[in-house]
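Heads up: the structure comes next, in structure tokens.
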Amino acid sequence: MKDFVSESETMGTDISICDLQKLIHNMYYDKDVARGAEATFLWFTEEVGELAAAIRNGSCEELQEEFADVLAWLVTLANIKDVDLTQALAQKYGSGCPGCGKLICQCPDSEKP
Ligand SMILES: [Zn+2]
Numbered sequence: 584m585k586d587f588v589s590e591s592e593t594m595g596t597d598i599s600i601c602d603l604q605k606l607i608h609n610m611y612y613d614k615d616v617a618r619g620a621e622a623t624f625l626w627f628t629e630e631v632g633e634l635a636a637a638i639r640n641g642s643c644e645e646l647q648e649e650f651a652d653v654l655a656w657l658v659t660l661a662n663i664k665d666v667d668l669t670q671a672l673a674q675k676y677g678s679g680c681p682g683c684g685k686l687i688c689q690c691p692d693s694e695k696p
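Numbered according to the working numbering, the sequence shown spans residues 584 to 696.
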């Protein structure tokens, strides 16, 4: 994966998916690879459960934290499986809805998404 070079120690407030993936990679990659995808997926699902609880009755602060955790663990899984999320997102959603191809989805309500 690409090396992460930053002008400052922190990402600031405007963080792209690409920046996040590099940041997570730099902070945790060796530990993440040692843990492996299966064990990491369990952590991811645990965080999804915590997000569910926060959606149900969490404070705004707890919601923010759980969304951040779920995204961070998803990015971690992408790092372990060597998936470039920026490329994956651009391929799947960069031209609009994967179902109908429109920028404002016009798929029938009976279909996903
Ligand atoms: Zn659509």
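Glycine included, C-beta positions come from ideal geometry on N, C-alpha and C.
Any idea what DSSP makes of residue i, helix, strand or coil?
i      : result
Thr628 : helix
Glu648 : helix
Glu633 : helix
Gln670 : helix
Leu686 : coil
Cys680 : coil
Cys643 : helix
Lys695 : coil
Would you say residue i touches ligand 1, meaning its beta carbon is less than 7 Å from a heavy atom?
i      : result
Cys683 : yes
Gln670 : no
Gln689 : yes
Cys680 : yes
Residues in its own chain within less than 7 Å of residue i by CB, not counting five upstream and five downstream?
i      : result
Ala635 : none
Exposed or buried, residue i, counting other C-beta atoms within 10 Å across all chains shown (16 or more means buried)?
i      : result
Thr659 : buried
Asp613 : exposed
Val653 : buried
Would you mind reading off the limits of the alpha helix (DSSP H) that contains residue i?
i      : result
Asp602 : 600-618
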